Amino acid sequence: EAQVTQNPRYLITVTGKKLTVTCSQNMNHEYMSWYRQDPGLGLRQIYYSMNVEVTDKGDVPEGYKVSRKEKRNFPLILESPSPNQTSLYFCASSFGLAGAPGVGEQYFGPGTRLTVT
Amino acid sequence: EDQVTQSPEALRLQEGESSSLNCSYTVSGLRGLFWYRQDPGKGPEFLFTLYSAGEEKEKERLKATLTKKESFLHITAPKPEDSATYLCAVLSTGANSKLTFGKGITLSVRP
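Structure below.
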């Protein structure tokens, strides 16, 4: 079954404790992306990756890191989480070369609800 | 900077009562406009891609249309299972591949 998986699905942590949210896709997609979704603000892109070792900032990259060492995996790293990073996070993937319209036809994971106290 | 505005924020319909959801956009050049459906507690699910003004796409009770400034998602004779949040997003012709989403329209269809 074609899917994007994220782990963990729920996470409660404390300020400053480094964490990683994993994302994996089994569709051999080139493009992968991370979003956060907040009430009243909608879905905002954090980082995206066009392929292995190629990443770029989205609209809200501050406080986050990513890496793309393998095509199927795109982990999101919070080095020192803060309460304003409490949010619902989605990973997504799609086919598509840089700038190609196919990039917009994304498969989303089930989401990770993060609470930072 | 790309901008996407969706209206209304919320819409309540009676089963069978057709209506339209609006997505207005501002981009330097449009590479594609995308509609997604999101159910509570789940990730968005891709519905349609529109590339150029005048284009239309249909799927069951949904039909998406595109002009140079906006897109409409028409819902014909909706059913309660059509209740969801509908998201619109744009991809511009700039050098990057950043997708910009609107805030979504929450549709409730009463039986």
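In the order they appear, the protein sequences are chains E and A.
For what it's worth, the working numbering labels the leading residue of the first sequence as 8, then goes sequentially.
For what it's worth, the working numbering labels the leading residue of the second sequence as 17, then goes sequentially.
Cβ atoms here follow ideal geometry from the backbone N, Cα and C, with glycine treated the same way.
Note that the structure is a prediction, hence the values are computed from the model and not measured.
- Counting C-beta atoms within 10 angstroms of its own C-beta, A/Y67 has fewer than 16 neighbours from the protein chains shown and is therefore classed as exposed.
- Remark: C-beta atoms of A/T42 and A/Q19 approach each other more closely than 8 Å.
- In the structure shown, E/E60 adopts coil according to DSSP, grouped into three states.
- When Cβ-Cβ separations below 8 Å define contact, E/E112 makes contact with chain A.
- Exclusion of the five residues before and after E/H36 leaves S100, S101, F102 as the residues of its chain whose Cβ lies within less than 6 Å of its Cβ.
- In the three-state reduction of the DSSP assignment, A/Q19 falls in the strand class.
- Per the DSSP secondary-structure output, E/Y38 pairs in a beta bridge with E/S101.
- Ranked by Cα distance from A/Q30, the options A/G110, A/R77, A/P94 are led by A/P94.
- For A/G57, the closest alpha carbon among the candidates E/V61, E/T119, E/V123 is that of E/T119.
- In the DSSP annotation of this structure, E/V110 is not part of any beta strand (DSSP E), being labelled neither H nor E.
- The three-state secondary structure of E/N91, taken from DSSP, is helix.
- Interface flag for E/Q52 against chain A is set, since a Cβ pair is found closer than 8 Å.
- For a cut-off of 8 Å, the C-beta gap from E/M34 to E/F81 is around 13 Å, too long to register as a contact.
- Contact check between the stretch 42-52 of chain A and the stretch 97-108 of chain A: three or more CB pairs, one atom from each, fall below 8 Å, which counts as touching.
- When C-beta atoms of the stretch 84-91 of chain A are compared with those of the stretch 86-100 of chain E, fewer than three pairs fall below 8 Å, so the two segments do not count as touching.
- E/Q13 counts as buried, since no fewer than 16 other beta carbons sit within 10 angstroms of its beta carbon.
- Taking a Cβ-Cβ threshold of 7 Å, the residues of chain E close to A/A105 are G111, in chain order.
- When the Cα atoms are used, A/L49 and E/V123 turn out to be separated by approximately 34 Å.
- Taking a C-beta distance under 8 Å as the contact criterion, E/R43 and E/P117 do not qualify as a contact pair.
- The continuous beta strand (DSSP E) containing A/K75 extends over residues 72-75.
- Residue state for E/D66 is assigned as coil, using DSSP reduced to three classes.
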